[in-house]
Amino acid sequence: MDFEARAERLARLIEERLDVRGHGLAAKLGRGGRKLPRAVREAGEQLLLAERMAANPKLARQVDDARIAAACEAAEHALERIDPWERRKTFAVNWLAGNAFNILMVLALALAAIAWRGLL
């Protein structure tokens with residue numbers, strides 16, 4: 003499998019699993035930031051470097067295809083384990099829990115202020 007096909011597959015998986023938009027692998031790696039697992043970031047950067055090196059005939063001989071293939075396989079495996087629905091559900095539950103806690107704290111402070119002033 004050539005580098006372009008690997009990059010396209012990795013970019014498609016990043017978009018499907020993590021909902022990161024962008025044109026091409028480089029843009030998705032840049033926009034993904036901390037959403038991306040470390041293995042995916044490292045494999046993507048290795049793949050982009052290998053693509054740039056393969057464009058130069060002298061540097062193309064230095065590209066280690068086996069290392070790039072192993073890194074891409076690890077990245078694909080890491081992305082395939084991510085469940086997009088579970089990520090969205092966890093985000094919604096955490097958001098609701100944080101807001102519920104904030105509302106409870108505001109109500110507790112309001113009741114404490116009312117009781118302190120002797121209005122309750």
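Using our numbering, read the sequence shown as starting at 3 and increasing by one per residue.
We put the beta carbon where it would ideally sit given N, CA and C, even for glycine.
According to DSSP, simplified to helix, strand and coil, what is residue i?
i: V65; result: coil
i: L122; result: coil
i: V108; result: helix
i: H25; result: coil
i: N101; result: helix
Out of curiosity, what's the CA-to-CA distance linking residue i and residue j?
i: A28; j: E6; result: 12 Å
i: F103; j: L31; result: 34 Å
i: P59; j: A52; result: 12 Å
i: V65; j: A94; result: 43 Å
i: G26; j: I105; result: 42 Å
i: L121; j: R90; result: 44 Å
Whose CA, out of the options, lies closest to the CA of residue i?
i: P86; options: R8, A9, I16, D4; result: I16
i: I84; options: W97, A9, D21, D4; result: D21
Could you check how far apart the C-beta atoms of residue i and residue j are, in whole angstroms? I think they sit under 8 Å.
i: A80; j: A110; result: That belief does not hold up - the Cβ atoms of A80 and A110 are roughly 42 Å apart, past 8 Å.
i: A45; j: A77; result: 4 Å
i: R133; j: R33; result: The requested residue 133 is not part of the displayed model; the chain covers only 3 to 122.
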